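Asker: Using numbering that gives the first Met the number 0, the final residue of the sequence shown is 310, and nothing's skipped along the way. Where is the CB? At the ideal position from N, CA and C, for every residue including glycine. Predicted, not measured: the structure shown is a model, and the values here were computed from it.
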Amino acid sequence: MKRVNHSVTSEFVFLGLTNSWNIQLLLFLLSSVLYVASMMGNCLIIFTVASDPQLHSPMYFLLSNLSFIDIGISSATSPKMIYDLFKKNKVISFRGCIIQIFFIHAIGGVEMVLLIAMAFDRYVAICKPLHYLTMMSPQMCIFFLITAWVVGLMHSVIQLVFIVNLPLCGQLLDSFYCDLPQFIKLACMDTYRLELMVSISSGFMSVAFFFILIISYVVIIFTVLKHSSSGSYKALSTLSAHVTVVVLFFGPAIFFYTWPSSSTHLDKFLALFDAVVTPFLNPVIYTLRNQEMKMAMRRVFRHLMGYRQIS
Numbered sequence: 000m001k002r003v004n005h006s007v008t009s010e011f012v013f014l015g016l017t018n019s020w021n022i023q024l025l026l027f028l029l030s031s032v033l034y035v036a037s038m039m040g041n042c043l044i045i046f047t048v049a050s051d052p053q054l055h056s057p058m059y060f061l062l063s064n065l066s067f068i069d070i071g072i073s074s075a076t077s078p079k080m081i082y083d084l085f086k087k088n089k090v091i092s093f094r095g096c097i098i099q100i101f102f103i104h105a106i107g108g109v110e111m112v113l114l115i116a117m118a119f120d121r122y123v124a125i126c127k128p129l130h131y132l133t134m135m136s137p138q139m140c141i142f143f144l145i146t147a148w149v150v151g152l153m154h155s156v157i158q159l160v161f162i163v164n165l166p167l168c169g170q171l172l173d174s175f176y177c178d179l180p181q182f183i184k185l186a187c188m189d190t191y192r193l194e195l196m197v198s199i200s201s202g203f204m205s206v207a208f209f210f211i212l213i214i215s216y217v218v219i220i221f222t223v224l225k226h227s228s229s230g231s232y233k234a235l236s237t238l239s240a241h242v243t244v245v246v247l248f249f250g251p252a253i254f255f256y257t258w259p260s261s262s263t264h265l266d267k268f269l270a271l272f273d274a275v276v277t278p279f280l281n282p283v284i285y286t287l288r289n290q291e292m293k294m295a296m297r298r299v300f301r302h303l304m305g306y307r308q309i310s
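1. Can at least three beta-carbon pairs, one atom from the stretch 68-77 and one from the stretch 93-112, be found at a separation below 8 angstroms?
2. If we require 4 or more residues per run, which alpha helix (DSSP H) segments fall completely within the stretch 178-215?
3. Mapping the DSSP letters down to three states, classify residue 11 as helix, strand or coil.
4. Just to confirm, is the Cβ distance from residue 11 to residue 103 under 7 angstroms?
5. Applying the criterion that 16 or more other CB atoms from any shown protein chain within 10 Å of the CB defines a buried residue, is residue 246 buried or exposed?
6. Under three-state DSSP, which class holds residue 287?
7. Please list, in chain order, all residues of the same chain as residue 37 whose beta carbon is under 6 angstroms from its beta carbon, the five residues on each side excluded.
8. Express the C-alpha separation of residue 137 and residue 301 in angstroms, rounding to a whole number.
9. Would you decide whether residue 58 is buried or exposed? Buried here means 16 or more other CB atoms lie within 10 Å of its CB.
10. Is DSSP giving residue 87 helix, strand or coil here?
11. Helix, strand or coil for residue 65? Go by DSSP, reduced to three states.
12. Is it true that the CB of residue 66 sits closer than 7 angstroms to the CB of residue 312?
13. Is the distance from the Cβ of residue 76 to the Cβ of residue 274 below 7 angstroms?
14. Spatial neighbours of residue 266 within its chain, please: CB distance less than 8 angstroms, with the 5 preceding and 5 following residues excluded, ordered by chain position.
15. What span of residues does the alpha helix (DSSP H) with residue 267 cover, start to end?
16. Between the C-alpha atoms of residue 172 and residue 97, what's the straight-line distance to the nearest angstrom?
17. So does the stretch 189-201 actually touch the stretch 129-146, counting three or more Cβ pairs closer than 8 angstroms?
18. Do you know how far the Cα of residue 292 is from the Cα of residue 146?
19. Pull up the distance between the alpha-carbon of residue 153 and that of residue 105, whole angstroms please.
20. I'd like to confirm the pairing. Which residues does DSSP put opposite residue 92 in its beta bridges?
21. Using only CA atoms, which one of 27, 219, 46, 188 lies nearest to residue 296?
22. Where in the stretch 71-157 do unbroken runs of the beta strand (DSSP E), each at least 3 residues long, occur, reported from the N-terminal end onward?
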């Protein structure tokens, strides 16, 4: 095979999801609706938290930042995928591919830390309620946010350093967006060490954080069950929403990066689910399972309607 490097590989071609016109039409309709709905839902959460003083608490501060991250995750892949569905040649430039990989892993790293911060917030609120205001101070919330972005950016940059100058021997990516496993397969060299790096930095790290979060929530749930108070149902409802979001986020990530050399239809299904469905489900989970959020949205809506009538 002729040796080609990225200096002459100016673009890549996605193989996409399917060649069936009917399935492409179905994917176009579903993806478009879910993308718009996820954008609106996450923006609504951010606007509601910012507008309602009763939601100016650490939990909702972290939730609004998670919604912002979900907007970024969805926007990094979905618009390009929707635009390419009916195109015969699904092309992305080398620079565009690298930028897409950068944002996917940076935003993914940020969300990982935010989910840990949200678990810590619930742990303090339920297990150490008398110390909540001290331990979850505004300074601590800002610390969590800054840490999340530092970790996310460092995680993404470190991985890109290893792959940006790879000698490449192909242009076909068996996916609908750029990511490390597919990119590494195009290298004109033995990629065992690079795949191991991806497994360690993204795969096993995801597994470790996932189990830490699950164990944390199990501890919190047992603490809640020990106290048969009126607030137990509300706490369990909130915790179940958090656990659901953790599973939706870490499930596909663990599958993608623990076995980066795999190539199956399941990969594409999980990638589509992660890019389109999960950002839509997160605001649905946090609003439908959260009575306080629904009440706040009603207050904001009534306030806006009253302001419009006065105007």
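Answerer: On the basis of the supplied data:
1. yes
2. 179-183, 191-197
3. strand
4. no
5. exposed
6. helix
7. 73, 278, 279
8. 29 angstroms
9. buried
10. coil
11. helix
12. Absent from the structure is residue 312, since the part of the chain shown begins at 0 and ends at 310.
13. yes
14. 174, 254, 255
15. 264-271
16. 13 angstroms
17. no
18. 26 angstroms
19. 8 angstroms
20. 10
21. 46
22. 89-92
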